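Note that UniProt numbering has the sequence shown beginning at 1, numbered continuously upward. Here the structure is laid out as structure tokens; the discussion comes afterwards.
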Amino acid sequence: MTNETPLQSHAPWIMSVERRIRLYAWLSHGCIFDCVTTFYRKTLGKREGDCVRACVRKYQLATAASAARFNKLADPSAAADDEDEDD
């Protein structure tokens, strides 16, 4: 039997989630700077706006997925309930 704390036992999983969050943050940052090429105007062009909206949508999906994973870690009974619903 080990003397690991709950946090230590989940450390690899937490590190995986942290890597995903950093990846999505990097991607969304890159997307915005790739999308917006004209910083001298007050408004975005149509293509810039569409590109930024797509970027925000990806970021929101990534954020929701990360939040769901953290919720499952915080409340293991919720994860068991989710698995029961899939059956």
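Built from N, CA and C at the ideal position, the CB exists for glycine as well. All values reported here derive from a predicted model rather than from experimental measurement.
Practice problem: Would you kindly work out how many angstroms separate the C-alpha atoms of C51 and C35, rounded to a whole number? | Solution: Counting from 1 along the sequence shown, the entry for residue 51 is found at position 51. Counting from 1 along the sequence shown, the entry for residue 35 is found at position 35. The straight-line gap from Cα to Cα measures roughly 6 Å.
Self-check item: CA-to-CA distance, A74 to I14, given in whole angstroms
Solution: Numbered from 1 along the sequence shown, position 14 holds the residue referred to as residue 14. Numbered from 1 along the sequence shown, position 74 holds the residue referred to as residue 74. Near 11 Å, if we compare the C-alpha coordinates of A74 and I14.
Quiz prompt | Nonlocal neighbours in the same chain, by C-beta distance under 7 Å from L44, ignoring five residues either side | solution = One-based indexing of the sequence shown puts residue 44 at position 44. Excluding positions up to five away in sequence, the list reads V36 and V52.
Exercise. Taking the CB atoms as reference points, tell me whether S66 and R20 lie closer together than 8 Å.
Key: In the sequence shown, residue 66 corresponds to position 66, counting from 1. In the sequence shown, residue 20 corresponds to position 20, counting from 1. Contact flag set, yes.
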